[in-house]
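A.B. asks: Here you go, one structure.
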Amino acid sequence: MQSQRIDELPGITSQLAFEVEDLTVAYHSKPALWDVDLDVPQGVLMAIVGPNGAGKSTLIKAALGLIPRAAGEARFFGTTYGKARSRVGYVPQRGSVDWDFPTTVLDVVMMGRYGEIGWFKHPTDRDRAAALQALHQVGLSEFAQRQISQLSGGQQQRTFLARALVQDADLYFMDEPFAAVDAVTERAIVELLRTLRERDKTVIVVHHDLQTVPEYFDWVALLNVEMIASGPIETTFTEDNLRAAYGGRVSAIGAGRSV
Amino acid sequence: MQLIESLLVQLLTRFVSPDTLNAALTDPRTVAVIVGVLVATSSALLGGFMLLRKMALTTDAISHTILLGIVSSFLFMAFVLGIAPDLASPWLIIGAALAGVATVVLTEAIQRSGLVKGDAALGLAFPLLFAIGVLLVARFTSQIHLDADSVLVGEIGLAWTNTNSYCLENCDSITITPEDPRAETARVCTNCQTESISPRSPNAVFEMTCANCGTYTAAEAWRARLIAEPPQLVYLPKAISTMGVITLINLLFVLLFYKELKLATFDRALALSLGFRPGWLHYTLMILVSVTAVGAFDAVGSILVVAFFVIPAAAAYLLTDRLWVMLLIAPAIGAVGAYTGYDLARGSLFGIVQMNDVLAFLDRTIGLGGYIQWDSSISAAMVLTTFTLFVIVWVVAPQRGLISTLLRRRWQREQFAAQVLLGHLHNHMGANERHEREVSTLHEHLRWTPRRVFWTLTRLRASDLVDVEDGLARLTERGRASLIEFREQNLATP
Amino acid sequence: MSDQVSGVRYQPEPRTKASSIITRYSFLSREWLRIAALAVVFLLLIPLSALAFGVEWTHTLRTVALGGGILGLVTGALGSFAVLRQEGLLGDALSHAALPGIAIAFLISGRELTALLIGAGIAGWLGVLLVRAIVSTTRIKQDAAMAIVLSSFFAFGLALLAYIQGRDDASQAGLKSFIFGQAAAIVERDVWTIGLVGGAALLLMLVFWKEFKLITFDMAFARANGIPTRTLDLILSTLIVVAIVLGLQLAGVILMVGLLIAPAVAARQWTRKLEQMVVLAAIFGAASGASGAVVSAIDAGMPTGPLIIVAAVLIAFLSLAFAPERGIVWSQLKQRADRRAFAAQTMMRDLYRHCCSHDNMSQPTDEAMLVKLRGAAARAGLRDLAREGLAVMEAGTTQWRLTPDGVLAAAQIADNGTRQTREIRPVVITTVEA
Chain A
1 MQSQRIDELP
11 GITSQLAFEV
21 EDLTVAYHSK
31 PALWDVDLDV
41 PQGVLMAIVG
51 PNGAGKSTLI
61 KAALGLIPRA
71 AGEARFFGTT
81 YGKARSRVGY
91 VPQRGSVDWD
101 FPTTVLDVVM
111 MGRYGEIGWF
121 KHPTDRDRAA
131 ALQALHQVGL
141 SEFAQRQISQ
151 LSGGQQQRTF
161 LARALVQDAD
171 LYFMDEPFAA
181 VDAVTERAIV
191 ELLRTLRERD
201 KTVIVVHHDL
211 QTVPEYFDWV
221 ALLNVEMIAS
231 GPIETTFTED
241 NLRAAYGGRV
251 SAIGAGRSV
Chain B
260 MQLIESLLVQ
270 LLTRFVSPDT
280 LNAALTDPRT
290 VAVIVGVLVA
300 TSSALLGGFM
310 LLRKMALTTD
320 AISHTILLGI
330 VSSFLFMAFV
340 LGIAPDLASP
350 WLIIGAALAG
360 VATVVLTEAI
370 QRSGLVKGDA
380 ALGLAFPLLF
390 AIGVLLVARF
400 TSQIHLDADS
410 VLVGEIGLAW
420 TNTNSYCLEN
430 CDSITITPED
440 PRAETARVCT
450 NCQTESISPR
460 SPNAVFEMTC
470 ANCGTYTAAE
480 AWRARLIAEP
490 PQLVYLPKAI
500 STMGVITLIN
510 LLFVLLFYKE
520 LKLATFDRAL
530 ALSLGFRPGW
540 LHYTLMILVS
550 VTAVGAFDAV
560 GSILVVAFFV
570 IPAAAAYLLT
580 DRLWVMLLIA
590 PAIGAVGAYT
600 GYDLARGSLF
610 GIVQMNDVLA
620 FLDRTIGLGG
630 YIQWDSSISA
640 AMVLTTFTLF
650 VIVWVVAPQR
660 GLISTLLRRR
670 WQREQFAAQV
680 LLGHLHNHMG
690 ANERHEREVS
700 TLHEHLRWTP
710 RRVFWTLTRL
720 RASDLVDVED
730 GLARLTERGR
740 ASLIEFREQN
750 LATP
Chain C
754 MSDQVSGVRY
764 QPEPRTKASS
774 IITRYSFLSR
784 EWLRIAALAV
794 VFLLLIPLSA
804 LAFGVEWTHT
814 LRTVALGGGI
824 LGLVTGALGS
834 FAVLRQEGLL
844 GDALSHAALP
854 GIAIAFLISG
864 RELTALLIGA
874 GIAGWLGVLL
884 VRAIVSTTRI
894 KQDAAMAIVL
904 SSFFAFGLAL
914 LAYIQGRDDA
924 SQAGLKSFIF
934 GQAAAIVERD
944 VWTIGLVGGA
954 ALLLMLVFWK
964 EFKLITFDMA
974 FARANGIPTR
984 TLDLILSTLI
994 VVAIVLGLQL
1004 AGVILMVGLL
1014 IAPAVAARQW
1024 TRKLEQMVVL
1034 AAIFGAASGA
1044 SGAVVSAIDA
1054 GMPTGPLIIV
1064 AAVLIAFLSL
1074 AFAPERGIVW
1084 SQLKQRADRR
1094 AFAAQTMMRD
1104 LYRHCCSHDN
1114 MSQPTDEAML
1124 VKLRGAAARA
1134 GLRDLAREGL
1144 AVMEAGTTQW
1154 RLTPDGVLAA
1164 AQIADNGTRQ
1174 TREIRPVVIT
1184 TVEA
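Residue numbers (the numbering used here), protein chains in the order written: chain A, 1 to 259; chain B, 260 to 753; chain C, 754 to 1187.
Set out below in structure tokens:
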């Protein structure tokens, strides 16, 4: 397993945004993730790629405690998820939700604040303003009162993004945000990612399209049940690593920037 | 129908004497069991497909909405045809079939609107149709003699009373004319009374009357002692003939269309593209389900119908991977359930436990007001025994049963844990990583409980996959081989 | 987001006292007024129709109507969550499974409503647990598991009822009413029980409103945000069980599922907010419950369940058909209007192309040719254009040509190619201020 030694890179703060050690997840007898290690420094835009069934979504879900782990642990800014929760935002897959639910776009975004609001209290003006602002960021201000069933795929994705943004986190996990969105939304999401990175946020994205990895991201993790390689694009997104991850089913892909 | 019944009687009497047959067919237990077995068989044959098509709840819905079909048929018979409604009429079949199809059509229409998600459409359609049925029954009680009980549980215990009789010998009706030696003739004075004259008077008018002339059926003739030999009658409960025919029809359907049904159930699109008519099969299946339900309705009521459609099929589903085996096992399970069900209703659970004893025990513990006589609805009991059989299968089925599954999963977890530990040892073979292999701290590195570490390590050492020396664990040759084999089977890179 | 990152600062609306009051009470919008109107109409219908039928509004009738209304209200409101979680038919399994619980509770403590309800609840819960157990441990799918539990528990209940009947116990007559519902059996003391239990359930629903909303919509996100989803799921499921158990007296075991699903389905068609949906479902449920109860009290022999279900499902069907925006009738009309608009536009384009390819602005086109080309819709499209003054038919002929206005409009569209869709170009902010 080849991963970049963190302390060798210049300008990286010593605390890692996200660390995974020995993470193993099993469905009955088949391992979905096996002995996975990953170190992600702050302020990077990382793509997690791998073939189907490689465990990319599973990695995020297991780290966030959404599915049980067979072994290993995940750390967020040096502590457990429970303690770091307010600094972590999660954008799940679009298909995990019933979009015919009777609610508006603004409502969905405000749901991102429920963790903050706590029990028994109702959303206040401040929450509403934060939600409107997040919608503004993703360009859906005029859709605030729209029923979510009337949204296109790209608009749904941007609603989910706004919901994560409203939490004002430092670390974001996104599960296939680019899946089946139109070109305009794709550009919009990339812009958003860049902006987040400029503000020193860390974003980890499960991505399915190898072609765009070098263009959109600066770090990458190659996963196929095990962690094949992770690190900056220049050194990690190589043909050898890709072949190892995809089992030789990958035709020559331009490995991003020339080495 | 009568033709079929008489053929059946002819067939049966070839093997069994009419007296034995009658003795059997007038025994409530035998009849109830036979009817139950027939219901179970006919239902289970279709139930297998309904289960696989994920239409189990549709079966439940149909078994309720046939009430509306029956009621509609009754009303049709009473008001349009002007005949007395009768549960044996063929109109019932038509009404039931229509109701069944209507249920499915209505549900699909609601689903097509796209405004109702998932199965909720069924939860709108069948309550409405069933409610209308119940309201009609309540409104037209004079014309429709159905009460809530019989709707739900039927009267299988009384199935033996509702019979058609068939005559085997000495069946001829006789006609007694005045000339017949058996005729009771007499000369009677017709005007003696009215004219108040004596019979001996010359004005008296006499007439020959016959007290017992006329036409008699064989049974009547026998009763009037006009013939020497009684007619040989066989009493065939209607429920048996009805359910028998339905069972045959279902059997024929399944046999004839086996491969089409199999294909349409598994891959509807492929069936369409190959030119079969999955839609036609779909609706025919619904119609047969409705017909079976209504056929069984009178005897066993609607709840038993559903249970016999789904429960045996589900149990069979857990026992085999082959469709044709499933279609063999399901009716068998249903039949056993029917057979033992009767006994349960009469007080004996599988011959092992006596219900009255159970009641006596409960009376002592929680107090039942002294009522310790068990006597219950036969149909309900049949469902319960069938359900018990399902639970037994669920638990002990080889491979798919609970016990096997739990054991298998535990074994898999152990294997997994072993491999995780092996992998961990393998990854930390380096000289500067010895602390990672210290037995006493392994649980910290792996984030396991010390207990889990202990047992996994013990098992690994017992299988000679791991050695422990000076408090450090390391892989043996066999351990390394095991690890490689696991990786080859499960992971991308060996 | 535009192509370049803009430094425009997001300006939140000026927060005056008035505007914040307005936002806080924005629920007094037109939609809520519509719902309030519906509520008044429906709930007044019941006493009014009773009076219309010449029925005396006795104390018993009031009690029954109240009981039925409260039951319907609770079932309708909580049924919304069941339907949104796609657990409507699970409610069917639950209600059938409750029957043996009722029978056993009766054996233990007689016809005591609270005991019967608790028995029903426990049995129902066991049924649901069994369904989940079957689904999670075998390859049997949920619908079959529900059918198994449904029929066997129900049979068990019927067997127990048959046994109880044999006891010749006068008080067991009320048990039968749980099969088809018999609201007329509700006495005043029952109304208190129902009111308290139902009220408590609704209160819990309000207290955990936003959490229930979240876990129904996106359970994974909720869990990732630290919300204890398992506990909340348990509470919500228990509330649904309570709703079903309460509703059993109204609708009976077999038909209960209709009362759970129909008001929620009906309500869904009228609104796009969960709050409104739940309130509407409560209203529809209350109306069905009360009216059904009243009708059955009038005719003592009639079971309540079927009446209520017919009312509730009819409301649902009417909603599915006629609700604005979602309703079938509505969307058919809209489709037709859209087709008409599209036909008009197509006609305009055709006329333009014909006229300009002939280099003569006033070159007319024959209507018959257009109909042949585009079908019968052409005629309607041309009429629409005529009405808007964009095209005109030459007198005495069937030739159509564009008016000068029409030419302008057509030219605009032709220049821009296909129909324009407004694309929102969002702006990225550089600083964040709450």
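All C-beta atoms in this analysis are idealised placements derived from N, C-alpha and C, irrespective of residue type, glycine included.
Looking at B/V493 and B/T272, is the spacing between their C-beta atoms short of 8 angstroms?
C.D. replies: Looking up residue 272 of chain B in the second sequence gives position 13. Looking up residue 493 of chain B in the second sequence gives position 234. Cβ distance < 8 angstroms, so B/T272 and B/V493 count as in contact.
A.B. asks: For chain B, find out if any of its Cβ atoms is closer than 8 angstroms to the Cβ of A/V49; answer yes or no.
C.D. replies: Working through the first sequence from its first residue, we reach residue 49 of chain A at position 49. No - not a single Cβ of chain B is within 8 angstroms of the one on A/V49.
A.B. asks: Taking its Cβ as the centre, do 16 or more other Cβ atoms sit within 10 Å of C/L903, making it buried, or is it exposed?
C.D. replies: Here residue 903 of chain C refers to the residue found at position 150 when the third sequence is read from its first residue. Buried, since its Cβ has 16 or more Cβ neighbours within 10 Å.
A.B. asks: If C/Q1165 and C/E784 are in contact, beta carbons under 8 angstroms, what's the gap, nearest whole angstrom?
C.D. replies: Position 412 of the third sequence, counted from the first residue, corresponds to residue 1165 of chain C. Position 31 of the third sequence, counted from the first residue, corresponds to residue 784 of chain C. Their Cβ separation, rounded to whole angstroms, is 37 angstroms, which puts C/Q1165 and C/E784 out of contact at 8 angstroms.
A.B. asks: For B/G610, return the contacting residues in chain A, with the cut-off set at a CB-CB distance below 9 angstroms.
C.D. replies: For the purposes of this step, residue 610 of chain B is taken as residue 351 along the second sequence, with counting starting at 1. None at all; the shortest Cβ gap to chain A is about 39 angstroms.
A.B. asks: With a threshold of 8 angstroms between beta carbons, is B/I725 in contact with chain A?
C.D. replies: As a position in the second sequence, residue 725 of chain B is number 466, starting the count at 1. Just to set this straight, residue 725 of chain B is Val in the shown sequence, not Ile. Closer than 8 angstroms: no.
A.B. asks: Under 8 angstroms between C-beta atoms, does C/G872 make it to chain B?
C.D. replies: Residue 872 of chain C sits at position 119 when you count from the first residue of the third sequence. No, no contact with chain B.
A.B. asks: Answer yes or no: do C/Q1022 and C/S1072 have a C-beta to C-beta separation smaller than 8 angstroms?
C.D. replies: As a first step, residue 1022 of chain C is located in the third sequence; it is residue number 269 there, counting from the start. As a first step, residue 1072 of chain C is located in the third sequence; it is residue number 319 there, counting from the start. Yes, they are a contact pair.
A.B. asks: Are any of the Cβ atoms in chain A nearer than 8 angstroms to that of B/N749?
C.D. replies: Your numbering for residue 749 of chain B matches position 490 in the second sequence. At least one chain A Cβ lies under 8 angstroms of B/N749.
A.B. asks: Below 8 angstroms on C-beta distance, what does B/K313 contact in chain C?
C.D. replies: Reading the second sequence from its first residue, position 54 is the one you call residue 313 of chain B. In chain order: K894, D896, A897.
A.B. asks: Is the Cβ of C/D1091 closer than 8 angstroms to any Cβ of chain A?
C.D. replies: Numbered from its first residue, the third sequence carries residue 1091 of chain C at position 338. Answer no: the Cβ-Cβ gap between C/D1091 and chain A never drops below 8 angstroms.
A.B. asks: From the beta carbon of C/K1087, is the nearest beta carbon of chain A less than 8 angstroms away?
C.D. replies: Here residue 1087 of chain C is taken as the residue at index 334 of the third sequence, counted from 1. Closer than 8 angstroms: no.
A.B. asks: Taking contact to mean 3 or more Cβ pairs, one atom from each stretch, closer than 8 angstroms, check whether the segment 1073-1083 of chain C and the segment 1126-1143 of chain C are in contact.
C.D. replies: Cβ pair count under 8 angstroms is below three, so no.
A.B. asks: Along chain A, which residues have their Cβ under 8 angstroms away from the Cβ of C/D971?
C.D. replies: As a working note, residue 971 of chain C is residue 218 in the third sequence. Here the neighbours are P92, S96, V97, M111.
A.B. asks: For chain A, is any of its Cβ atoms less than 8 angstroms away from the one on C/I980?
C.D. replies: In the third sequence, residue 980 of chain C corresponds to position 227, counting from 1. Yes, contact with chain A.
A.B. asks: When burial is assigned at 16 or more other CB atoms within 10 Å of the CB, is C/M754 buried or exposed?
C.D. replies: Within the third sequence, numbered from 1, the residue matching residue 754 of chain C stands at position 1. Here the model assigns C/M754 a pLDDT of 35, short of 50, so the residue's position is not dependable and the matter cannot be decided.
A.B. asks: For B/T647, which option in B/I592, B/R667, B/L701, B/I637 has the closest C-alpha, if you only look at C-alpha atoms?
C.D. replies: Numbered from its first residue, the second sequence carries residue 647 of chain B at position 388. Looking at the Cα atoms, B/I592 is the closest of the given residues.
A.B. asks: Thinking A/G72 and A/D22 are a contact (beta carbons under 8 angstroms), I'd like their distance in whole angstroms, please.
C.D. replies: In the first sequence, the residue the question calls residue 72 of chain A occupies position 72. In the first sequence, the residue the question calls residue 22 of chain A occupies position 22. Confirmed, Cβ separation roughly 4 angstroms.
A.B. asks: Is B/R739 helix, strand or coil when you go by DSSP?
C.D. replies: Here the question's residue 739 of chain B lines up with position 480 in the second sequence. Correct three-state label for B/R739: helix.
A.B. asks: Shortest alpha-carbon distance to B/H323 belongs to which of B/H685, B/V584, B/V550?
C.D. replies: Mapped onto the second sequence, residue 323 of chain B falls at position 64. When each option's Cα is compared against that of B/H323, the closest is B/V550.
A.B. asks: In its own chain, which residues sit with a C-beta less than 6 angstroms from the C-beta of C/G919, not counting the 5 before and 5 after it?
C.D. replies: Here residue 919 of chain C refers to the residue found at position 166 of the third sequence. Hits under 6 angstroms: none found.
A.B. asks: If you follow the beta strand (DSSP E) that A/S230 is part of, which residue opens it and which one closes it?
C.D. replies: The residue labelled residue 230 of chain A in the question sits at position 230 within the first sequence. First-last of the beta strand (DSSP E) with A/S230: 226-232.
A.B. asks: For a test of the three-state rule: what should DSSP assign to B/T644, helix, strand or coil?
C.D. replies: Taking the second sequence and counting its residues from 1, one reaches residue 644 of chain B at position 385. Reduced to three states, the DSSP call for B/T644 is helix.
A.B. asks: The alpha helix (DSSP H) with B/S424 in it runs from where to where?
C.D. replies: As a working mapping, residue 424 of chain B is identified with position 165 in the second sequence. Segment 422-428 is the beta strand (DSSP E) holding B/S424; no alpha helix (DSSP H) there.
A.B. asks: For the alpha helix (DSSP H) holding C/M899, just list the boundary residues, first then last.
C.D. replies: Looking up residue 899 of chain C in the third sequence gives position 146. Residues 895-918.
A.B. asks: Measure the C-alpha to C-alpha separation of C/P853 and C/V1006 and round it to an integer number of angstroms.
C.D. replies: Translated into positions along the third sequence, residue 853 of chain C becomes position 100. Translated into positions along the third sequence, residue 1006 of chain C becomes position 253. Straight-line Cα distance between these residues: approximately 11 angstroms.
A.B. asks: Please report the straight-line C-alpha distance between B/E438 and B/E479, rounded to a whole angstrom.
C.D. replies: Residue mapping note: residue 438 of chain B aligns to position 179 of the second sequence, counting from 1. Residue mapping note: residue 479 of chain B aligns to position 220 of the second sequence, counting from 1. In a straight line, the C-alpha of B/E438 is about 20 angstroms away from that of B/E479.
A.B. asks: Please report the straight-line C-alpha distance between B/L297 and B/L310, rounded to a whole angstrom.
C.D. replies: As a working mapping, residue 297 of chain B is identified with position 38 in the second sequence. As a working mapping, residue 310 of chain B is identified with position 51 in the second sequence. When rounded, the distance between both Cα atoms is 20 angstroms.
A.B. asks: Do B/L755 and B/V654 have their C-beta atoms closer together than 8 angstroms?
C.D. replies: What the structure shows of chain B is the stretch from 260 to 753, and residue 755 of chain B is not part of that stretch, so it cannot be assessed.
A.B. asks: Verify whether the separation of the beta carbon atoms of C/V994 and C/W878 is less than 8 angstroms.
C.D. replies: To locate residue 994 of chain C, count along the third sequence from 1; it is residue 241. To locate residue 878 of chain C, count along the third sequence from 1; it is residue 125. Contact flag set, yes.
A.B. asks: Quick check on B/C451: does DSSP put it in helix, strand or coil?
C.D. replies: As a first step, residue 451 of chain B must be located in the second sequence, where it is residue number 192. Note: B/C451 maps to helix in three-state DSSP.
A.B. asks: How is A/R194 classed by DSSP in three states: helix, strand or coil?
C.D. replies: Sequence index remark: in the first sequence, residue 194 of chain A carries index 194 (1-based). Three-state DSSP puts A/R194 in a helix.
A.B. asks: Could you give the C-beta distance for B/N423 and B/L495, rounded to a whole number, given that I count them as a contact under 8 angstroms?
C.D. replies: Counting from 1 along the second sequence, the entry for residue 423 of chain B is found at position 164. Counting from 1 along the second sequence, the entry for residue 495 of chain B is found at position 236. Indeed, because the Cβ distance is near 6 angstroms, the residues count as touching under 8 angstroms.
A.B. asks: What does B/S607 pair with, by DSSP beta-bridge criteria?
C.D. replies: Here residue 607 of chain B refers to the residue found at position 348 when the second sequence is read from its first residue. B/S607 pairs with B/Q613.
A.B. asks: What's the C-alpha gap between B/S722 and B/L716?
C.D. replies: Stepping through the second sequence from its first residue, residue 722 of chain B is reached at position 463. Stepping through the second sequence from its first residue, residue 716 of chain B is reached at position 457. In a straight line, the C-alpha of B/S722 is about 10 angstroms away from that of B/L716.
A.B. asks: Using a Cβ cut-off of 8 angstroms, pull out every chain A residue sitting near B/R706, in sequence order please.
C.D. replies: Mapped onto the second sequence, residue 706 of chain B falls at position 447. Chain A residues near B/R706: D22, A71, G72, E73.
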